[in-house]
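What follows is a short report on a single structure.
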Amino acid sequence: MSKRDLETEFETKYNDYGNMLYKIAFLYLGNKSDCEDVLQDVFTKYLTGKYKFKNTEHEKAWFIRVTQNKCLDYLKKSGRKSVCLDDVEITDTYNYDETAQDIISKVIALPGKYKSAIILYYYNDYSVEEISKTLNISKSAVKKRLQRGRDILKLELEDYAI
Amino acid sequence: MRKDDFKKSIDNINPDAYMGNRLKAKINFNLPIKNNRRVTKSDRSHVVL
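Residue numbers (this note's numbering), protein chains in the order written: chain A, 1 to 162; chain B, 1001 to 1049.
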């Protein structure tokens, strides 16, 4: 593939998935520059790997999974297991809305494995079965993670009922 | 929390308009591409910042 083809390929995939992957990465990392580093790794992996996908859903699932894994690696490398809310630069990248900001800061504070299930289920509208395929875990593990994630959020967001 | 509230809160997260361009500038499209080859640390050192 020529340099021009790779650039076009990047632009196409960035338009398709860039925004969604940024949102996912932001929920893991909480700041713009770390998100950009992770997305750079994800797209470099895609462009250098010559992956074959069965269909667009398979491709989308690949991008989501690689982004989540890269975020977890990034946190591990930087010696953090989760994001400290003091480090979150939410106003930089967030349209101002106090309630929504409050919700999102609680989601950012969730442990990584619960966060993945919660995001895919509530935001990407994935079914339990689809999440189990994307994350490569059993359906009962997905249900358990959703339940525990919801329990934590319920405690944090007492004004709402999930 | 209603699902709509949750979705709305995530929808509010947005990359700035130039992120795609910045990423494009960072990714080195001249990397030698081989089948199923993993990106190594030395590849990253060639990434144009």
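Backbone N, C-alpha and C define an ideal beta-carbon position, used for all residues, glycine too.
Going straight from the alpha carbon of residue i to that of residue j, what length do you get?
{"i": "T8 (chain A)", "j": "I152 (chain A)", "result": "42 Å"}
{"i": "V38 (chain A)", "j": "T44 (chain A)", "result": "10 Å"}
{"i": "G1020 (chain B)", "j": "Q40 (chain A)", "result": "10 Å"}
{"i": "Y123 (chain A)", "j": "I1010 (chain B)", "result": "8 Å"}
{"i": "N31 (chain A)", "j": "P1015 (chain B)", "result": "10 Å"}
{"i": "V128 (chain A)", "j": "S138 (chain A)", "result": "9 Å"}
{"i": "Y46 (chain A)", "j": "F26 (chain A)", "result": "20 Å"}
{"i": "V142 (chain A)", "j": "K3 (chain A)", "result": "41 Å"}
{"i": "V1048 (chain B)", "j": "F1029 (chain B)", "result": "Residue placement at V1048 (chain B) is flagged as unreliable, the pLDDT there being 47, under the threshold of 50; a coordinate-derived value is accordingly withheld."}
{"i": "D16 (chain A)", "j": "K23 (chain A)", "result": "13 Å"}
{"i": "S78 (chain A)", "j": "L6 (chain A)", "result": "30 Å"}
{"i": "Y126 (chain A)", "j": "L155 (chain A)", "result": "24 Å"}
{"i": "I103 (chain A)", "j": "F10 (chain A)", "result": "32 Å"}
{"i": "K168 (chain A)", "j": "R148 (chain A)", "result": "With chain A covering 1 to 162 only, the question about residue 168 (chain A) has no answer from this structure."}
{"i": "T48 (chain A)", "j": "I1013 (chain B)", "result": "28 Å"}
{"i": "M1 (chain A)", "j": "A117 (chain A)", "result": "36 Å"}
{"i": "H58 (chain A)", "j": "K52 (chain A)", "result": "9 Å"}
{"i": "C71 (chain A)", "j": "Y1018 (chain B)", "result": "21 Å"}
State the start and end residues of the unbroken alpha helix (DSSP H) segment that holds residue i.
{"i": "K1008 (chain B)", "result": "1003 to 1011"}
{"i": "S33 (chain A)", "result": "32 to 49"}
{"i": "G1020 (chain B)", "result": "1019 to 1026"}
{"i": "I152 (chain A)", "result": "139 to 156"}
{"i": "I64 (chain A)", "result": "56 to 77"}
{"i": "D5 (chain A)", "result": "3 to 13"}
So for residue i, helix, strand or coil by DSSP?
{"i": "T109 (chain A)", "result": "Looking at the sequence shown, residue 109 (chain A) is not Thr but Ala. Looking at A109 (chain A) - three-state DSSP - the assignment turns out to be coil, as it is neither helix nor strand."}
{"i": "Y126 (chain A)", "result": "coil"}
{"i": "M20 (chain A)", "result": "helix"}
{"i": "D102 (chain A)", "result": "helix"}
{"i": "F165 (chain A)", "result": "Examination of residue 165 (chain A) is not possible in this model, given that chain A is present from 1 through 162 alone."}
{"i": "F26 (chain A)", "result": "helix"}
Should residue i be counted as a contact of the ligand MN given a C-beta to heavy atom distance under 8 Å?
{"i": "L146 (chain A)", "result": "Within the structure as shown, the ligand MN is missing, as the structure has no ligands at all."}
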